[in-house]
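Quick note on numbering: the sequence shown equals residues 365 to 802 in the working numbering. Following: one structure in structure tokens, then a few remarks.
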Amino acid sequence: MLPDNRLPLVLVILDGLGDRAVPELGGRTPAEAAETPHLDRLAARGASALHLPFGPGKAPASEISHWALFGCEPDTFPGRAVLEARGHGAVVQAGQVHSYAALRVGEERDGVVWVTGRAAPSDGADAHVLFEALDGITIDGFRFGLQRLTRGEALLSISGQASPDITDSDPFFEQIHPWLRPLPLADATNPATATATSSAVEEFLRSSRRLLHVHPVNVQRRERGLPVLDVLTTKWTGMVRPVPSFEERVGVPGAAVTSSALYRGLAATLGLISHDIEPLPDPGEDLFVRFETAATLLDEGAQFVHVHTKAADEAGHTKDPREKMRVLQLLDEASRRLHQKPFLSAVVVITGDHATPSVDGILHSGDPTPFLMTSPTTRPDAVTSFGESFAERGAMGTIGACDVLPLMLDRANRPMFLGSRITPYESLGLPDCPEPMT
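Take a look at the structure:
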């Protein structure tokens with residue numbers, strides 16, 4: 365009889381870890397240039413790879429990468445609006461289309477509206493009143509409801525025979541694109557419904573701008589010299605879809621040490637137990653606390669723990685490579701905790717969900733991010749340093765987001781035995797709790 369020596373899994377995501385070679389850092393990325401003795405020790409103990417979540421040149425958003433990292437199929441993705449709303453505790457109705465709405469500052473140039481600003485933290489009260497004024501508008505049989513989530517953001521719910529297959533009106537790259545017209549997706553499941561939905565959303569947004577422009581709140585803001593919140597944008601449209609739980613898809617129950625609404629919403633959607641911790645000002649102290657929480661969960665019997673920090677991503681967005689290098693050194697100091705129990709008897713992976721370059725006018729890029737795995741069952745390779753060029757020489761080569769959990773499950777002595785059928789949904793790993801015969 366085979367021994368039962370299954371190992372727990374810990375997936376550590378340093379959000380936005382990947383970067384580009386920076387001339388002022390001697391042609392190195394911030395991860396390569398940073399002093400990371402603790403991550404280097406982990407690299408020497410384990411095996412490395414380059415992680416390209418969706419292949420060369422593809423720059424994913426965090427929610428898309430995490431959906432794949434958690435083993436989920438693309439066609440079950442409900443849209444980030446649903447995840448954000450759940451993370452904020454908003455009511456998300458099945459059968460309704462949901463979008464993420466934001467009050468923005470607009471400026472008209474040659475008949476086109478350009479988004480030039482957003483609501484400030486102090487604008488919450490004004491935003492609440494403005495959202496109330498737009499709540500409940502009906503256009504062509506579609507009812508538009510708004511639930512404020514935070515600051516100047518709200519969940520827009522579209523009741524009626526609506527389709528989620530429409531484009532964003534939020535330009536996102538506002539220095540390049542103006543306020544955008546909603547359009548049906550070319551591959552919409554129901555083209556007629558998508559066309560009707562996008563037309564209704566367009567009219568709702570136009571009507572909203574007319575109402576917002578003359579609303580007493582904005583009249584007063586104009587008189588006080590404050591930016592006028594007279595543009596409503598939408599993005600991340602989706603709807604609740606049937607999706608297997610994390611345990612059904614992967615084979616083990618899971619927990620997540622979360623830091624924001626997006627990751628609380630991901631946990632809620634996939635049935636992960638969420639342990640939310642308000643981020644601490646110091647990135648190193650913050651990550652150390654998250655590792656301590658993960659250690660407690662492992663000691664209590666957790667079989668999968670996801671640990672996430674957004675510090676590297678935020679540092680990349682500053683467009684200061686030395687700031688990102690500094691933050692990575694702080695995160696490395698926290699990583700000393702991974703050299704102690706209970707992590708020594710677990711499969712631990714450290715990687716990023718995407719690259720956030722600290723140079724160039726770009727948010728995310730298709731550059732690779734380092735991938736590092738340690739466990740009692742992982743044979744060390746020749747890599748002894750942490751960073752992209754070092755990981756490129758790793759024994760595991762280049763992997764995608766969908767490869768991460770199968771690799772971890774294999775090293776955890778939990779690979780799915782292909783050909784066996786013990787659960788209705790074929791899981792990525794050997795299920796912990798298939799249904800017994802009573």
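Glycine is no exception: its CB is placed at the ideal position from the N, C-alpha and C atoms.
Look at the region 558-625 and you find these whole runs of alpha helix (DSSP H), each 4 residues long or longer: 580-587, 610-614. In this structure the region 761-768 does not lie against the region 695-707, because fewer than three pairs of beta carbons, one per stretch, are closer than 8 Å.
By the Cβ criterion, the region 665-677 is in contact with the region 368-386, since at least three pairs of Cβ atoms, one from each stretch, lie closer than 8 Å.
Counting along the chain, Met365 sits inside no beta strand (DSSP E), nor does DSSP assign it H or E at all. Burial state of Gly475 is exposed, judged by a 10 Å Cβ sphere holding fewer than 16 other Cβ atoms. Phe735 sits in a strand when the DSSP states are folded into three classes.
Of all alpha-carbon atoms in Tyr464, Ser521, Val711, the one lying nearest the alpha-carbon of Gly500 is that of Ser521.
Taking 8 Å as the upper bound for CB-CB distance, Leu433 and Val768 are in contact here, some 5 Å apart. No residue range can be given for Arg785, since it is assigned to no beta strand (DSSP E) and is classified by DSSP as neither H nor E. Contact between Glu611 and Gly635 holds, with the beta-carbon distance rounding to 6 Å and staying under 8 Å. Using a 10 angstroms sphere on the CB of Pro580, the tally of other CB atoms stays under 16, which defines it as exposed. The C-alpha of Arg515 is placed about 18 Å away from the C-alpha of Gly629. Residues Leu371, Leu708, Ser709 of the same chain have their beta carbon placed closer than 8 Å to that of Pro740, with the five preceding and five following residues left out of the count. Around the beta carbon of Asp404, a 10 Å sphere encloses 16 or more other beta carbons of the protein chains shown; the residue is thus reported as buried. Just measuring C-alpha positions, the residue of Leu782, Ser784, Glu752, Cys797 sitting nearest Ser412 is Glu752. Within the model, the alpha-carbon separation for His681 versus Ser609 is close to 33 Å.
With a beta-carbon spacing of about 7 Å, Gln511 and Val455 fall inside the 8 Å limit used to define contacts.
Per DSSP, reduced to three states, the secondary structure at Pro779 is strand. Counted as a single uninterrupted DSSP element, the beta strand (DSSP E) harbouring Leu510 occupies residues 506-514.
Cβ contact annotation for Glu587 (same chain, cutoff 8 Å, sequence separation greater than five): none. DSSP places Leu403 outside any beta strand (DSSP E); the residue lies instead in the alpha helix (DSSP H), whose first and last residues are 401-409.
With respect to the 9 Å criterion, Val653 and Leu661 are not classified as neighbours on the basis of their beta carbons. Beta bridge pairing from DSSP links Tyr627 with no other residue. Assigned with DSSP and collapsed to three states, Arg700 falls in helix. When beta bridges are read from the DSSP output, Phe668 appears opposite Leu373. In this structure the region 618-629 does not lie against the region 556-563, because fewer than three pairs of beta carbons, one per stretch, are closer than 8 Å.
For Leu651, the enclosing alpha helix (DSSP H) begins and ends at 647-663. In terms of Cα proximity to Ile637, the closest of Thr657, Leu651, Leu771, Leu547 is Thr657.
Assignment of Ile540 by DSSP, reduced to helix, strand and coil, places it in the coil class. Taking the C-beta atoms as reference points, Thr715 is found nearer than 9 Å to Phe735. Looking only at Met780, His492, Trp600, the smallest Cα-Cα distance to Val616 is reached by Met780. Taking a C-beta distance under 9 Å as the contact criterion, Val595 and Arg574 do not qualify as a contact pair.
No Cβ-Cβ contact shorter than 9 Å links Thr720 with Leu416.
Rounded to the nearest angstrom, the gap between the Cα atoms of Arg605 and Gly589 is 45 Å. Shown here, Pro555 sits in a helix according to DSSP, grouped into three states.
In the same chain as Gly758, and ignoring 5 residues on each side of it, the C-beta atoms closer than 7 Å to its own belong to Ala411, Ser412, Ala413, Asp745, Val747, in chain order.
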